[in-house]
Amino acid sequence: MSMSLVLILSLACIALSRPAPSGHEYRAPGPNDVRSPCPGINSLANHGFIPRDGKNLTPAIMVAGLKEGINVGADFGLLVGQTATLANRDPLAGTFNLDDLRAHNFPIEHDVSLSRQDVYQGNNLVFNQNVFNEVLGFYQGMNAATIPVAAQTIWSRVETQRRLNPDTLIYGPRQLFLSLGETSLYLSVMGDPLTGVAPVSYVKSLFENERLPYEQGWQKSLLETNFVTLGAMIGQLVLNDAPDFARDLPNLNAGGLRDAFALRDPLTGIIGNATCGLLGTC
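Residues -19 to -1, 1 to 263, numbered by mature numbering (1 follows the signal peptide of the UniProt record, and there is no 0), are exactly what the sequence shown covers, in order.
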C-alpha cells in the first residue's frame, strides 16, 4: 500500500471521528455510581445525559436524556421512566436508582438477556462477555447488524437458556416482547430506525463498553426512534423469523403461566412495593 493511500485512509478516519458533545464525554462509573442491566441507559449515564451517579432519576430526566443522547422520543422515554419507578422499594417516591432495575422479572429485567446472565446462574446486573459472544457469533464476518440476523440472535439466546436453565427460566410473551423491543432499540439508535442496519463496531461499543461510539463516527440519528418506528421494527423481527416464533408458541404459553404464578409478576410486584412504601418497611 502506498504512503499516499495510507495518508488518505488515515485522514478519512480522522474526519469520520467526532468528539462527544461538550459536557458529554465518556467517563466510566466511579465507586459510588450505580448502573443498570441495560447497556443503553448505562451509556447515557456514562456520557452525562442522565445523572452520572445513576441515582434519583425521574421520568422527566429519562425523557430528556433519551431524547438528547440518542434521539428516542418522549413516548418511549416516558414509558421507560414511569415503569422504572416501580422498581424502587417505595414506588410512590416517583424516582429510582439504576441498580433498582436489577430486580428480577420486574418490571424491566428479564431472563434471556443479550449481554447478562440469568439471575439464577450468576450476575444479572453486569455485562458478561461470554453471553454477548453468542450474539456476536452471528455477526462474525459482517460489518453491519441487520434485522434478519438480529432475529436469529434472540432465538439462539432463548434456546441456550432453556437448555442451561430449564427449571427456573421465566420466558413468556412479556419477556419475548421486551427482547424484541430491546433488539429494535439497539439497532435503531446505533444505526437506522427504519432499516435496522447498524455497524457492528457501534453495537459492540454500546454493549461491551457502555459507550456511545462518537470516536468511531457515530452520531445520533436525525430520525427519532419512537413507538411507531420500534413497533414497525418489532414486526420485521417477527416476520423474519416467523417459523421460530410459531414453533415456540407452546413454550411461550408455558412461560407466561410461570411468569404469572411462579415468581414475582408485574401486578403483585407493584402492590407489594406500594404496600412496603406506605407502611415504611422498605
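Note that CB positions come from ideal geometry on N, CA and C, so glycine has one too.
Asked	Found
Which runs of the beta strand (DSSP E) at least 3 residues long sit entirely within the stretch 101 to 127? Give them in chain order.	none
Based on DSSP bridge pairs, tell me the residues matched to I38.	Going by the sequence as given, residue 38 is Leu instead of Ile. Paired residue(s): F77.
For A132 and D71, I'd like the C-alpha separation in whole angstroms.	36 angstroms
What residue from F119, D148, H91 has the CA that sits closest to L106's CA?	H91
Tell me which same chain residues have a C-beta within less than 6 angstroms of the C-beta of A159, skipping the five on either side of it?	Correcting the residue identity first, residue 159 is Leu in this sequence and not Ala. Only H91 meet the Cβ criterion.
Exposed or buried, what is S(-3) when buried is set at 16 or more other beta-carbons lying within 10 Å of its beta-carbon?	exposed
Apply the 10 Å Cβ neighbour rule to P(-1) and answer buried if 16 or more other Cβ atoms are within range, or exposed otherwise.	exposed
Checking 9 angstroms against the spacing of the C-beta atoms, do I135 and T176 come in under that value?	no
Within 8 angstroms, do at least three Cβ pairs link the stretch 114 to 132 to the stretch 148 to 155?	no
Skipping 5 residues on each side, what residues in its chain have a beta carbon closer than 6 angstroms to that of T66?	P72, G75, F77
Would you list the one or two residues that DSSP bridges to T176?	None, per the DSSP bridge assignment.
Throw me the rounded Cβ distance for the Q200 and Y183 pair, which I believe falls under 8 angstroms.	The pair is not a contact, with the Cβ atoms about 11 angstroms apart (cut-off 8 angstroms).
Please state the DSSP three-state secondary structure of P(-1).	coil
Touch check for the stretch 224 to 235 and the stretch 12 to 28: three-plus C-beta pairs under 8 angstroms?	no
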